[in-house]
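Worksheet: one structure, shown below.
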Amino acid sequence: MDESSRARRISCSKVLRFFWSLTRKKPLDPEGEESTFCRCLTTLDLVGLGVGSTLGAGVYGLTGEVARNMSGPSIIISFLVAAVASAFAGLCYAEFGARVPKMGSAYLYSYVTVGEVWAFVTGWNLVLSYVIGTSTVAKAWSGTFDDLIHNVIAEYLEEHIPMDSPGLATYPDFFAAALIMLLAGILAYGVKESVILNTVFTGVNVTVLLFIIIAGFIKGDINNWFISAEAVLSYYENETQIEENDFGVGGFFPFRLDGTLAGAATCFYAFIGFDCISTTGEEVKNPRKAIPLGIMLSLLVCFLAYFGVSASLTLLMPYYLLDTRSPLPVAFEHIGWETAKYAVAVGSLCALSTSLLGVMFPMSRVLFAMARDGLLFKPLDYMSSRQSPVTSTLCSGAVAAVMVLLFDLKALVDLSSVGTIFAYTVIAVCVLILRYKEDSGFIHRSEPFTVLGLIKPPSRSTRRTSENVNILTIIILFLVLILSVLLSDSLDSLRRREVWSLLLVSVLALTLVLTVVIIWKQPQSRTKAAFMVPGLPLIPIVSIFINTYLMVRLGEETWIIYCIWMAAGLIIYFAYGVHHSVQQQRQQEILQNIINRNIMDEVSAA
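So the numbering used here is basically just the index in the sequence shown, starting at one, shifted up by 33.
What follows is the structure, encoded as C-alpha cells:
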C-alpha cells in the first residue's frame, strides 16, 4: 500500500512538473544567448519596412471595393476608424519593442510574459500567417504582371500543365514560385541589401500614390460626395440587373453608419503588416527607441496614404460607378487620363514587391527565434558569415513556393489574417499582465483574496494584486468572446430590439465595464520603459475586443483548416520542442548547480 501510494505521488509530481514546464518563461537577458546579428538598421529603415509591408496592393484595390459596396465617400471615415483600431495594437507592440529589444516579435513577447506553450502557439500562428501571406502576395504579383501582358503566362500554363483536382490550383504558377525564391535569396544574402531594395520599391509606391492623391484633388468634383438620392435612383432604373439597395441612398453616408462601420472592419486588414518591425530587435541600432517610433510612424504614413487615395478616388467619380477590381485605372479613364493607368500598374507592382518582402522578412526571423530557443528544429537557427538567417529564410521561402505551385489559395486567404490577429490579441493580454506585475525587489508576504482588497487595493503592486489582474483578464477574455459571438450572430435580433438580445448584451457589457474599472483601480508596476501604452487598461482591452470580433466573423472552413494547422504544430511541440527547449536545459543546469553546491557544503561541513 505504501509503495503504491509512493508511486502515485511520484506520478503526480511528474505530471505537475510537466505542466509547470509548459509555463516556464524566458528571462529578458538569458545567460549564454548572444546575438550574432548586425545592428545596421535605422529608424528610417524600419519606417520603410513597416510602410512597405502594410501599404500593399490593398490601396489599389480594396479602396474601390469598400467605397462601392460598403461606405461610399465615407470610406475616409472607415479608414480613420480602422487606423485608430490598428493603433491600439501598434501601441501594445511598441511597448514590448521598448521593453524586449530582441528578435521574435509576438512569439518572444509572449515567451517572457505568459510562458513557453503560449509562446509556441503564438509563433506557430505567425508562421501560418507569413507562409500563406507570402504565397498569396506572390500569386497576386504574378497575376498583376500577367494582366499587363494580356494573360500570356496563365493561358500557356492552363493549356499545357492543367491541374483540375479539388483544392489544387488551376495551373502551377512557376512565375510566382520563382519570384518567392528570388526574394528569399536576396533576404538570405543580407539584411541591409534587402532593406535598401524595400526602400526603393516603397519610394516608387509612395510617389505613385502622391500622384493619385494630387490628381484626385485637381480633377475631382466635391459634388461626388453629396450625390442626391434621385441621381442614384435614376442610375438604378437604367440597371435592371442590380438589386435596389446595391447603390445606397446617396450622400456622404450612402449605406448609413452601418456601412461605414462594416467598411472599417474590412479596412482594418489593410493595416496588418506593421508587426514585421518588431522582429528586427537585434538588427536595429537603437531598438528601444527606434522600434516604437518606427511602428507608430509607419501606421501614420499608411493612414495618410489610404485616406488620401480613398478621398481622391471618390472625388474623381461617383461611388456607385467605381470598379471593384481595378478602381483607379477606371477612375482615370473616367476623367480622360487613360495613360495614368500605367503609373498605377507600376505602383501596384512595387506595392506587391514591398508587401512580399515585408511578409518574408519577419517569417524567417520568427522561425530563427523559435529554433534558437529549441522549440523548432536546430538547423533553422544557422547564421551565414554575413549575419543572415540563411536556413530559415530559404526553408520558409521553399514552403511558400510549393504552396503557390500546388494549392488554390483563395480558400486560405483568411488564414493569413487569423495568425496575425491572434498575435495582436496575445500581445494586448501580455501588456495587461506585464504592467500590473508585482514589483521586483519588494518583500512579499502571503495575502489571501478578499473583496475589500479587490476594491481598495494597496498603493504598490503585490503578488496578490498581480494575480487578481490575471484572473480578471481571463474573465474579460470570456466576456469579450461571448459578446463578439452575440454581436456577430444575433445582429438582426439586436436591430429588431428583441428583449432577450438587448438584455443579454446589456448585462455582458455592464459586467465587462465593471471588470475594466476594477482592473483600473489596481496598482501598476513601477518598472518603466522607453515607451509605455497610455490609457491602461482601456486601450489593450479595446484591442482585444476588436481582434476577437474580427476572428469570430471568419467562416467555418477557415477555422477547420486553422485547427488542423494548430494540431500539427502542437504535435511538433510535444514531440520535439518540449524535450529540446533551451530554457528547460538552463533550468536543469541551475538546479544541478544548486545540488552540487549543497553536496560540496555538506562535504566541507563533514
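Backbone N, C-alpha and C fix where the C-beta goes; we use that ideal spot for every residue, glycine too. This structure is a prediction, so every number in the text was calculated from the model and none was measured.
Of all the options the options, which has the alpha carbon lying nearest to the alpha carbon of residue i?
{"i": "F244", "options": "G284, A378 and D472", "result": "A378"}
{"i": "I508", "options": "I305, L547, V437 and L445", "result": "L547"}
{"i": "G223", "options": "K318, C73, V80 and S198", "result": "C73"}
{"i": "I552", "options": "Y469, Y609, F129 and V282", "result": "Y469"}
{"i": "G283", "options": "S104, S86, L541 and S143", "result": "S104"}
{"i": "C300", "options": "G430, I579 and V636", "result": "I579"}
{"i": "V84", "options": "A384, P134 and K172", "result": "A384"}
{"i": "T483", "options": "R493, T498, S492 and A122", "result": "T498"}
{"i": "A431", "options": "Y609, F207 and E67", "result": "F207"}
{"i": "I213", "options": "F607, V170, A600 and S107", "result": "V170"}
{"i": "S479", "options": "A601, E500, L467 and N629", "result": "E500"}
{"i": "P63", "options": "Q620, S637, K489 and I627", "result": "Q620"}
{"i": "L524", "options": "I260, W258 and D291", "result": "D291"}
{"i": "A262", "options": "S534, M599 and R289", "result": "R289"}
{"i": "K374", "options": "L242, L537 and F511", "result": "L242"}
{"i": "S397", "options": "Y140, F121, L55 and W53", "result": "Y140"}
{"i": "S421", "options": "W53, L55 and T69", "result": "T69"}
Does the Cβ-Cβ distance between residue i and residue j come in under 8 Å?
{"i": "A127", "j": "I324", "result": "yes"}
{"i": "V24", "j": "L124", "result": "Because the chain here runs from 34 to 639, residue 24 falls outside it and cannot be looked at."}
{"i": "W174", "j": "L389", "result": "yes"}
{"i": "A364", "j": "M350", "result": "yes"}
{"i": "D308", "j": "S138", "result": "yes"}
{"i": "G327", "j": "T76", "result": "yes"}
{"i": "L516", "j": "L541", "result": "yes"}
{"i": "Y142", "j": "C428", "result": "no"}
{"i": "N458", "j": "I577", "result": "Residue 458 is actually Thr in this sequence, not Asn. A contact, by the Cβ cut-off of 8 Å."}
{"i": "P556", "j": "P481", "result": "no"}
{"i": "L465", "j": "V513", "result": "no"}
{"i": "S119", "j": "L332", "result": "yes"}
{"i": "V233", "j": "D78", "result": "no"}
{"i": "R321", "j": "A608", "result": "no"}
{"i": "S168", "j": "M436", "result": "yes"}
Within a Cβ cutoff of 8 Å, which residues of the same chain sit near residue i, ignoring the five residues on either side of it in sequence?
{"i": "S417", "result": "A221 and V423"}
{"i": "F280", "result": "V265, Y268, Y269, P287 and Y353"}
{"i": "P205", "result": "L190, I194, M196, L438 and L439"}
{"i": "H367", "result": "L349, M350 and L354"}
{"i": "E188", "result": "none"}
{"i": "N238", "result": "G85, L88, G380, C383, A384 and T387"}
{"i": "K225", "result": "C71, C73 and L74"}
{"i": "M633", "result": "none"}
For residue i, collect the residues of the same chain with a Cβ closer than 6 Å to its Cβ; drop the 5 residues on either side in sequence, then sort them by chain order.
{"i": "S345", "result": "I245, I246 and G249"}
{"i": "T453", "result": "S162 and I305"}
{"i": "W258", "result": "P106 and F285"}
{"i": "G253", "result": "L348 and L349"}
Ignore the nearest five residues each way along the sequence and tell me which others in residue i's own chain have a CB closer than 7 Å to its CB.
{"i": "T372", "result": "none"}
{"i": "G97", "result": "L346, L355, D356, T357 and P360"}
{"i": "S381", "result": "A90, Y93 and T177"}
{"i": "L61", "result": "V133 and V145"}
{"i": "I108", "result": "T96, V99, A100, G296, S343 and T347"}
{"i": "V518", "result": "V585"}
{"i": "S637", "result": "none"}
{"i": "Q616", "result": "R57, K59, E149 and D406"}
Could you round the C-beta distance between residue i and residue j to whole angstroms and report it? I think they count as a contact, below 8 Å.
{"i": "S558", "j": "D472", "result": "6 Å"}
{"i": "N158", "j": "A456", "result": "6 Å"}
{"i": "G610", "j": "F285", "result": "So it is not a contact: roughly 53 Å between Cβ atoms."}
{"i": "S521", "j": "Y582", "result": "7 Å"}
{"i": "N256", "j": "L82", "result": "Their Cβ separation, rounded to whole angstroms, is 40 Å, which puts N256 and L82 out of contact at 8 Å."}
{"i": "T426", "j": "A217", "result": "6 Å"}
{"i": "G314", "j": "M136", "result": "5 Å"}
* Mind the definition here: the segment 115 to 122 touches the segment 403 to 412 only if three or more C-beta pairs lie below 8 Å; say whether that holds. => no
* Asked: Counting Cβ pairs, one atom from each stretch, are 3 or more of them under 8 Å apart for the segment 447 to 455 and the segment 154 to 168?
  -> yes
* Asked: Is it a yes or a no for the segment 181 to 200 touching the segment 396 to 405, going by three-plus beta-carbon pairs under 8 Å?
  -> no
* Specify whether the segment 287 to 306 and the segment 92 to 112 touch according to this definition: at least 3 beta carbon pairs, one from each stretch, less than 8 Å apart. => yes
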